[in-house]
Every structure is written in C-alpha cells, then in structure tokens.
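Undergrad: According to our numbering, numbering within the sequence shown proceeds without interruption in unit steps and concludes at 609. Okay, here's the structure, questions in a sec.
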Amino acid sequence: MVNPEHWQKSSYSGGGGNACVEVATLPTHIAVRDSKAPARTPLTIPTGAFSTFIEALKPPYSTVTDFARFRG
Numbered sequence: 538m539v540n541p542e543h544w545q546k547s548s549y550s551g552g553g554g555n556a557c558v559e560v561a562t563l564p565t566h567i568a569v570r571d572s573k574a575p576a577r578t579p580l581t582i583p584t585g586a587f588s589t590f591i592e593a594l595k596p597p598y599s600t601v602t603d604f605a606r607f608r609g
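This is the structure in structure tokens:
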C-alpha cells in the first residue's frame with residue numbers, strides 16, 4: 538500500500554475537495570485513487586505509460602463549439 542503522505546490531490550478538485558483523484562509516485566509506477574474511497578486498492582500504471590494513459594482520458598474535442606462542429 539502507498540504511504541498516505543505521498544498522495545497528492547488533483548488541482549481540479551471541486552468544492553470541498555473530496556470529489557477528485559489523488560496520485561502518488563512510486564519507484565516504477567504511478568498510483569491513482571478516488572479520494573472518496575481511499576481504502577480501496579489504487580490503480581497502478583507503469584511510469585512510462587502514465588502520459589499515454591492521461592492523454593487517452595482527454596476528450597477528442599476541447600470546447601462546446603468543437604463538440605457542436607463534431608456532431609454536425
């Protein structure tokens with residue numbers, strides 16, 4: 538288990554800060570967990586694949602206007 542003092546909350550945390558993702562850096566992996574369920578087993582991703590993982594989570598469009606154009 539990852540030591541809690543190594544967890545960092547996302548800068549995009551909403552309101553009270555409990556609706557967010559937390560990350561921790563390990564020697565060979567990045568661990569990700571839901572701040573509302575910190576006791577659950579975190580998702581671990583190899584350090585080299587983390588950037589690819591984050592890019593895959595981003596939507597293919599960045600604004601409402603782009604989305605409107607995409608939908609036609």
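The C-beta atom is built at its ideal place from N, Cα and C for all residues, glycine as well.
From the DSSP output, which residues share a beta bridge with THR584?
TA: The sequence position of residue 584 within the sequence shown is 47, counting from 1. Paired residues: none, contrary to the question.
Undergrad: Taking only three categories from DSSP, how would you classify THR565?
TA: For the purposes of this step, residue 565 is identified with residue 28 of the sequence shown, where counting begins at 1. If DSSP states are grouped into helix, strand and coil, THR565 belongs with coil.
Undergrad: Of all the options SER572, ALA568, ARG577, PRO575, which has the alpha carbon lying nearest to the alpha carbon of PHE486?
TA: Residue 486 is absent from the structure shown; the chain starts at 538 and stops at 609.
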